[in-house]
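Remarks on the structure that follows.
Chains as they are written, first to last, in the working numbering: chain A, 1 to 120; chain B, 1 to 384.
Printed below as a string of structure tokens:
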């Protein structure tokens, strides 16, 4: 189901899916892994231990440090999977060693929030 | 992405851990963006300097990395959290100052050019057109591509850092093909810098990597910077061209209604407890201009102006810094509005600014309300 593996890894877990892009800086609390942007569709949820699926990353280049920090603080997702991978998410996951995938478009559409899936 | 034999060795750790980390980052970026190879770059500008944004994990990572890593090309750096000349006025705790100092030292050890600025393009001469650079600060990347005619992707803090260490970047995206896939028609009459900020925020949301804008002639520096900064905040678009005859396949209008939508998303207050100018930091031209606008006037509330240290020194020797201070402005260098630890809920509920980028982060990261208005209105409403 993956079109491309950006950062290697094998995971099984519960999907946390967003329909909105994520600006990691300002959207996620790096200490708790909670989504703190009130306008975001995942507001109030935590990304910890999920398979985080979202269209793509946007915004601040420093979001890469947020991705690294959530891993260091043990609140990171098990893996991330996107439609498109931008430089911030790719480089953040590479340094933090969080498995990262680009999904086939129809697979991306099929996966629902709460599904139990395996990647890698 | 194809690597040469030497590059492959570095990725496998044969040339030390810091180069291995840098190659691991660029390999992932190259894979994600379908790069074929790495190309030499001539200048890197890294973000991730402010302790407020990178935190303890970032501070520790940089302290470790700087034990062995050295920058291979000229590397300028983004603002940090405060100006050491006035930090005692803002009540930051000792831990913040210690960690921030450690971050600054790590970058110094790796060989930074100590710009501590988000507008390196106003401090240093730009190289000739089509030169490859690697700029992480989004407003600077968009400015470099759109106005400086340089070549960079909208780099991340880590991709620019890795490129600074290796001296190369993946040849992909805007480096390879920067033709706009969308054209936005500017329909709003009599635009000012705030209008262009709102346009940029809209463009960042709807456009892909590069966008054409029609119906706009020449932009002054303030409008250009406002457009670059807001576009970088809302999306992944890294370049704009002013072009009335673009053959981009997709066409979109930016009219009064669209503008109002963006304004309503970011403007949450009718007035502010404090005024901030700068995000991006102000350049000399804007400081000179502001000094003229403030002649014989004085701010009725606290007004913070963020500018690079080199620009503040120039403005001081030319007399403009003194004029701005006489009008009640506080000049701060080495730091900026965006993700500042200096303006918090402890002291204020709301901020007045003309910066869309500043507004976004005040709202989302500092948890403050924002009153958005153009500089001309800030001067007429907030000074007497």
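Glycine is no exception: its CB is placed at the ideal position from the N, C-alpha and C atoms.
Query, Result
"Comparing alpha-carbon positions, which option in 222/B, 44/B and 313/B lies nearest residue 168/B?", "44/B"
"Going by other Cβ atoms of all chains shown within 10 Å of its Cβ, with 16 needed for buried, is residue 82/B buried or exposed?", "buried"
"Any chance you could list the alpha helix (DSSP H) runs of at least 4 consecutive residues sitting entirely within the segment 305-333 of chain B, in chain order?", "309-318 and 320-326"
"How big is the Cα-Cα spacing for residue 316/B and residue 322/B?", "6 Å"
"Suppose only complete runs of 3+ residues qualify. What are the beta strand (DSSP E) ranges in the segment 189-255 of chain B, listed by chain order?", "210-214, 239-242 and 250-254"
"Where are the alpha helix (DSSP H) runs, 4 residues long or more, that stay fully inside the segment 50-113 of chain B, in chain order?", "51-65 and 94-110"
"Examine chain A for any beta-carbon lying closer than 8 Å to the beta-carbon of residue 340/B, and answer yes or no.", "no"
"Could you list which residues in chain A have their beta carbon closer than 8 Å to that of residue 155/B, in chain order?", "61 and 87"
"What span of residues does the beta strand (DSSP E) with residue 14/A cover, start to end?", "11-17"
"So residue 25/B contacts chain A; which residues on that side make the cut at Cβ distance below 7 Å?", "91, 94 and 95"
"Can you give me, in chain order, the residues of the segment 359-383 of chain B that have a beta carbon less than 8 Å from any beta carbon in chain A?", "360, 361, 364 and 365"
"Would residue 29/B pass as an interface residue toward chain A - the criterion being a Cβ-Cβ separation below 8 Å?", "yes"
"Rounded to whole angstroms, what's the CA-CA distance from residue 190/B to residue 258/B? Just pull it up for me.", "16 Å"
"On the DSSP bridge list, what partners appear for residue 132/B?", "151/B"
"Taking 8 Å as the threshold (C-beta atoms), are residue 246/B and residue 156/B in contact?", "no"
"Using the C-alpha atoms, what's the distance from residue 5/B back to residue 202/B?", "44 Å"
"Would you give the residue range spanned by the alpha helix (DSSP H) that residue 275/B belongs to?", "Taken as a continuous stretch (DSSP letters only), residue 275/B belongs to no alpha helix (DSSP H), being part of the beta strand (DSSP E) at 274-277."
"Need the endpoints of the beta strand (DSSP E) that residue 381/B sits in, please.", "That residue, residue 381/B, is in no beta strand (DSSP E); its alpha helix (DSSP H) goes 375-382."
"Which first and last residues belong to the beta strand (DSSP E) in which residue 351/B is found?", "350-353"
"Taking residue 355/B as the reference, which of 159/B, 224/B and 47/B has the closest Cα?", "224/B"
"Out of 85/A, 10/A and 34/A, which one is the CA nearest neighbour of residue 104/A?", "85/A"
"Is there at least one Cβ from chain A nearer than 8 Å to residue 167/B's Cβ?", "no"
"For the alpha helix (DSSP H) that residue 364/B lies in, which residues bound it at each end?", "356-364"
"Would you kindly work out how many angstroms separate the C-alpha atoms of residue 363/B and residue 370/B, rounded to a whole number?", "7 Å"
"According to DSSP, is residue 141/B part of a helix, a strand, or is it coil?", "helix"
"With a 10 Å radius around its C-beta and 16 neighbouring C-beta atoms as the bar for buried, classify residue 23/A as buried or exposed.", "buried"
"Count the other CB atoms, across all protein chains shown, that sit within 10 Å of the CB of residue 10/B; report buried if there are 16 or more and exposed otherwise.", "buried"
"Among 367/B, 242/B, 332/B and 161/B, whose alpha-carbon lies nearest the alpha-carbon of residue 311/B?", "332/B"
"Nearest chain A C-beta to residue 158/B closer than 8 Å, yes or no?", "yes"
"Please list, in chain order, all residues of the same chain as residue 329/B whose beta carbon is under 7 Å from its beta carbon, the five residues on each side excluded.", "299, 303 and 305"
"Any idea what DSSP makes of residue 168/B, helix, strand or coil?", "strand"
"Per the DSSP calculation, residue 46/A is bridged to which residue(s)?", "34/A"
"In terms of alpha-carbon separation, which member of 80/A, 90/A and 95/A lies closest to residue 119/A?", "80/A"
"Does the contact criterion of 3 or more C-beta pairs under 8 Å hold for the segment 87-94 of chain A versus the segment 13-32 of chain B?", "yes"
"What residue does the beta strand (DSSP E) around residue 35/B start on, and which one ends it?", "Here residue 35/B belongs to no beta strand (DSSP E), and DSSP marks it neither H nor E."
"When you check each C-beta in the segment 129-140 of chain B against every C-beta of chain A, which residues fall closer than 7 Å?", "136, 137 and 138"
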